[in-house]
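Worksheet: the structure to be examined is printed underneath.
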Amino acid sequence: MYKPVVLVILDGWGISKNSQGNIIKRAKLPTIDKFNKFYPMTTLQASGISVGIPWGENGNSEVGHTVIGAGRIIYQNLPRITLSIQDGTFFNNEALLSAVENVKKNNSNLHLMGLLSEGSVHSYTAHLHALLELAKKHGIENVFIHVFTDGRDSSPVGGTKAIKDLQKKLKEFQVGKIATLCGRNWAMDRKNDWKNIEKAYRLLTEGVGEKIQDPIKYLQESYSHEITDEHIEPAIIMENDNPIGIIKNNDSVIFFNFREDRARELTKAFVLPGFGKFKREKRLKLEFVTMTEYEKDLPVPVAFPPLEINNGLGEILSNN
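Anchor point for the sequence shown: position 171 equals 184 in the numbering used here, and the numbering is continuous, going up by one each time.
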């Protein structure tokens, strides 16, 4: 006859040496004290990378239950990608390499587009830096960066610092140029406001926008007119009266946002054959790669698709 095994989860229960404001430390706990005294016990880290979330971030019920149910650490997108950069597997990623090989095959351009932000909610600057490193490793010369300024998850006027920091990295890597600039309001809509997406799409593919030479100066002028990062009007950077780098046929595009909800609409405008939300003056043939799966069944290579979780706790218990 089997003896029952009971898994009891006390949500919000934690262990800390600090007694100030610690109700668990101050309470009388005869049952818990008995368990600790007479039965094997240990402690588990329930925050940060130990449970698959970014370093230093507090845990929560959803994350904790996911790890318990899986019986292993399930890394969320940000740390999963970051760890792959650290262990080097990022640079052998098949989807990312497909973008690189397409550029080599067609002698074309590599475009990196996404949110430039210190917020780390939708994207992470270290991921963009790794893509620049990947391009340099493979000798890709024509690398163009399409910056979406933030203003929601970071300072509303933090774009100038973000651009300056990126320019330093570009100088360090000696690869890549900033080609376009626009606020996330246009490029990262999630409310089916397709006029906003059209504005971003036409900037990226046709060069429709303010013609500028200095992105820092353009941002500062926008701020002086009370236009903050989220709503920066689309702008294209010019060299010798020509756009630095609009997206053209046979180019490769890597959308480096890791969070899907505000990336899927613009992606659909680029990749869906029957797209009809607005008229595309240019239907481009591209190698379009997304960092994560923005929506199931989108016809794109995905660098970090969802993880399959096999042999989880429920499955093990059910089979035994």
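Glycine included, each C-beta is placed from N, C-alpha and C at the ideal position.
| Item | Value |
| --- | --- |
| Where the alpha helix (DSSP H) through G127 begins and ends | Note, G127: premise wrong, no alpha helix (DSSP H); beta strand (DSSP E) at L123 to L129. |
| Inter-residue CB distance, L297 and I260 (contact presumed, cutoff 8 Å) | 6 Å |
| Whole beta strand (DSSP E) elements within the region 219–283, 3-residue minimum | 223–225, 248–252 and 265–268 |
| G325 and A83 closer than 7 Å at C-beta | yes |
| Under the three-state DSSP convention, the category I191 falls into | strand |
| A143 to Y236 span [Cα, whole Å] | 30 Å |
| Candidates K295, K117, L194 and L20: closest to M126 by CA position | L194 |
| Whole-angstrom distance between L42 and L20, CA atom to CA atom | 19 Å |
| beta-carbon S63 near the ligand ZN non-hydrogen atom, thresh 6 Å | Although the ligand ZN was asked about, the structure shown includes no ligands whatsoever. |
| E185: first and last residue of the uninterrupted alpha helix (DSSP H) it sits in | G172 to F186 |
| Cβ-Cβ distance between D264 and L299 below 7 Å | yes |
| Close Cβ partners of F291 (< 6 Å) along its chain, the five nearest in sequence each way excluded | W207 and E211 |
| Closest residue to D242 among K118, T173, E146 and G327 (Cα-Cα distance) | T173 |
| Rounded C-alpha distance that separates G27 from N71 | 12 Å |
| Element boundaries [alpha helix (DSSP H), containing H78] | S74 to A83 |
| Nearest-angstrom Cα separation, counted from E234 out to G164 | 16 Å |
| Span separating the alpha-carbon of I87 from that of R277 | 23 Å |
| Helix, strand or coil at T55 according to DSSP, with G and I counted as helix | coil |
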